[in-house]
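>
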Amino acid sequence: MPRKAADAQDAEILCRLDVLLAERGMTLAALSEIVGVSVVNLSVLKNDRAQAVRFSTLAAICDALGCDVGDLLTRAR
12 MPRKAADAQD AEILCRLDVL LAERGMTLAA LSEIVGVSVV NLSVLKNDRA
62 QAVRFSTLAA ICDALGCDVG DLLTRAR
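The sequence shown begins at 12 in my numbering and counts up by one.
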């Protein structure tokens, strides 16, 4: 049976951007310059307030941090 939108909201996706930045000694401002995404938008993602994110943005962040999408985003259970 397909999941309903309400069910999808219960499957929260968490961003580990703060952890990955700390591990690399990188600031949000530095990442912003590298990937071409504003600090405000990266902050929204980092603080788990993003409703959507482009695949190209995910790819750019992962390239800059040398990680995979699964390292950046995890599913809360």
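The C-beta atom is built at its ideal place from N, Cα and C for all residues, glycine as well.
#1: Taking the CB atoms as reference points, tell me whether residue 35 and residue 81 lie closer together than 9 Å.
#2: Is residue 86 helix, strand or coil by DSSP?
#3: Could you tell me which residues DSSP pairs with residue 26 in its beta bridges?
#4: State buried or exposed for residue 72, treating a residue as buried only when at least 16 other CB atoms are found within 10 Å of its CB.
#5: At a Cβ threshold of 9 Å, is residue 62 touching chain D?
To lay it out plainly:
#1: no
#2: strand
#3: 84
#4: buried
#5: Among the chains in the structure shown there is no chain D, since it carries only a single protein chain.
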